[in-house]
Ligand code: NAD
Ligand code: G6P
Ligand code: MN
């Protein structure tokens with residue numbers, strides 16, 4: 054009989070949980086499931102999502118054993134894969150990560166600049182705690198992590214849990230590859246072969262070919278030069294609001310800086326921080342948008358399902374965009390050897406870059422984990438930017454491990470989004486005040 058898998062979703066109360074649960078059901082022909090468990094440390098939040106999913110599962114896949122819990126032993130015993138998407142501090146803290154830097158005229162963003170550093174200082178402990186539970190109760194399981202900020206979380210787990218079975222992955226390159234496939238008239242990004250190098254939320258495509266080896270870069274570059282990613286579709290229902298459209302359009306200016314490569318959209322925060330700050334509302338940031346739309350919408354749908362006692366009237370949608378998570382689980386479970394971008398220790402894959410850096414590069418994924426695909430040497434422009442940014446990430450992890458105020462001040466000062474050590478200190482001191490409950494004490 055074909056093996057069936059047991060999945061634990063850590064961060065069961067996440068706005069992405071229903072979409073992922075439904076997606077798992079849709080892909081059972083290639084990735085069959087026997088058990089799904091939601092785990093969260095916030096019982097009431099998770100309960101709304103979980104009760105609605107329980108109703109959906111009973112109606113659509115009664116054979117799957119479903120549980121939700123806040124008890125680690127129950128959550129992590131008899132598990133094959135942990136899908137981890139936690140947000141330590143919830144949206145309330147994301148709002149502060151975004152608003153505090155803006156008070157000082159600095160980019161306020163969830164994963165970039167001081168906001169990303171603050172979020173990293175909260176996430177490290179949360180993700181490591183879950184990794185330890187997984188290893189204690191299911192030592193053979195794999196963790197697929199997409200909790201942010203993935204760059205800092207990945208560096209922390211490399212340092213603190215070097216032998217753990219954790220793979221860190223991001224969906225931004227996937228969405229952008231879908232857009233580029235659309236630009237050149239292909240059905241799917243899977244019909245392209247790509248070369249990519251960078252850090253998470255900080256990278257570039259240097260090669261894109263079709264399955265016959267034809268160079269697709271010239272056509273994609275025409276689109277980038279004219280409209281950035283704005284004139285392409287991806288089918289994703291995630292990156293659709295006006296603020297995302299603005300990011301896709303701004304990629305035109307990011308592209309202009311190095312027309313030899315295609316940039317990740319996140320580079321706008323580092324290369325055009327003045328523009329980003331001018332176009333931010335310090336009173337209403339992305340966290341407010343997400344709380345007022347995605348969070349309200351998902352929790353509303355769930356409550357409605359619970360009140361009616363049925364999910365038959367619809368409302369729930371599989372998150373097609375998250376298919377990459379099933380691809381990744383499948384690659385390990387079935388040794389598919391699929392090529393995917395992962396965040397992994399460099400070890401020479403980018404030849405002229407720190408071997409210990411956690412870089413985002415194409416890898417081949419199978420039952421034994423991943424094999425890096427060597428990307429060669431990178432140009433001075435990218436190398437310089439990446440050395441600065443990887444230092445920010447490494448100093449943040451140092452600060453967390455050592456409880457060092459000095460290192461965190463250095464990390465924030467080092468960020469390309471921050472104009473001076475003085476401003477870095479002001480932002481840091483404000484961040485410490487509001488993060489007392491979440492950060493290690495800094496001396
Ligand atoms: P959310 O706030 O809706 O959900 C996060 C859940 O995690 C909450 O229910 C919270 O209670 C729970 N949680 C927090 N700390 C925990 C802990 N220590 N143990 C167990 N549960 C804990 O957040 P969201 O917007 O749905 O995002 C979830 C995560 O996924 C975030 O980290 C986000 O940045 C990330 N994300 C990553 C990608 C990617 O490309 N890598 C894409 C989308 C979302
Ligand atoms: C992209 C990134 C994720 C990030 C998300 C934020 O998908 O790759 O890492 O979490 O955007 O989206 P949001 O809608 O929460 O602002
Ligand atoms: Mn990401």
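Numbering (our numbering), first residue to last: 54 to 496.
Beta carbons are placed, not taken as given, at the ideal position from N, Cα and C, and that holds for glycine.
Here the structure is a predicted model, which is why all the values come from computation and not from measurement.
{"Query": "Is residue 254 near the ligand MN, with its Cβ less than 7 Å from a heavy atom?", "Result": "yes"}
{"Query": "Where do the N-terminal and C-terminal ends of the beta strand (DSSP E) with residue 327 fall, by residue?", "Result": "Run containing residue 327: none in the beta strand (DSSP E); it sits in the alpha helix (DSSP H), 326-331."}
{"Query": "Confirm the yes/no value for this check: CB of residue 203, any heavy atom of the ligand NAD, distance under 7 Å.", "Result": "yes"}
{"Query": "Looking at the unbroken beta strand (DSSP E) that takes in residue 221, where does it start and where does it end?", "Result": "219-221"}
{"Query": "With residue 120 as the anchor, note down where its beta strand (DSSP E) starts and where it stops.", "Result": "118-122"}
{"Query": "Below 8 Å on the Cβ atoms is my guess for residue 307 versus residue 269; work out the distance and round it to an integer in Å.", "Result": "So it is not a contact: roughly 19 Å between Cβ atoms."}
{"Query": "What's the call for residue 241, buried or exposed, on a 16-neighbour Cβ count within 10 Å?", "Result": "exposed"}
{"Query": "Report whether the distance from the Cβ of residue 164 to the nearest heavy atom of the ligand G6P is below 7 Å.", "Result": "yes"}
{"Query": "When you compare only the Cα positions, how much space is there between residue 476 and residue 170?", "Result": "15 Å"}
{"Query": "Among 257, 54, 334, 194, which residue has its Cα nearest to the Cα of residue 316?", "Result": "257"}
{"Query": "In angstroms, rounded to a whole number, what distance separates the CA positions of residue 127 and residue 187?", "Result": "11 Å"}
{"Query": "Starting from residue 346, trace the alpha helix (DSSP H) both ways and give me its first and last residue.", "Result": "Here residue 346 belongs to no alpha helix (DSSP H), and DSSP marks it neither H nor E."}
{"Query": "Whole angstroms is fine: what's the gap from residue 406's alpha carbon to residue 428's?", "Result": "11 Å"}
{"Query": "Is the closest heavy atom of the ligand MN to the C-beta of residue 224 under 7 Å?", "Result": "yes"}
{"Query": "Using only CA atoms, which one of 243, 283, 285 lies nearest to residue 265?", "Result": "243"}
{"Query": "Less than 8 Å between the beta carbons of residue 441 and residue 467, yes or no?", "Result": "yes"}
{"Query": "Measure the Cβ-Cβ separation of residue 278 and residue 303 and say whether it is below 8 Å.", "Result": "no"}
{"Query": "Is residue 206 a contact residue of the ligand G6P, with contact defined as CB to any heavy atom under 7 Å?", "Result": "no"}
{"Query": "Among residues of its own chain, excluding the 5 on either side of residue 134, which ones have a beta-carbon nearer than 7 Å to its beta-carbon?", "Result": "58, 60, 194, 195, 197, 382"}
{"Query": "Please report the Cβ distance between residue 246 and residue 262, rounded to the nearest whole angstrom; I am assuming they are in contact, meaning their Cβ atoms lie under 8 Å.", "Result": "5 Å"}
{"Query": "Kindly provide the ranges of any beta strand (DSSP E) runs that are 3 or more residues long and lie completely inside the region 344-413, ordered along the chain.", "Result": "391-398"}
{"Query": "Which residues does DSSP list as the beta-bridge partners of residue 424?", "Result": "417"}
{"Query": "Extract the residue ranges of the beta strand (DSSP E) inside the region 82-164, only unbroken runs of 3 or more that lie entirely within it.", "Result": "86-92, 118-122, 134-137"}
{"Query": "Would you identify the three-state DSSP class for residue 255, choosing helix, strand or coil?", "Result": "strand"}
{"Query": "Specify whether the region 326-336 and the region 148-163 touch according to this definition: at least 3 beta carbon pairs, one from each stretch, less than 8 Å apart.", "Result": "yes"}
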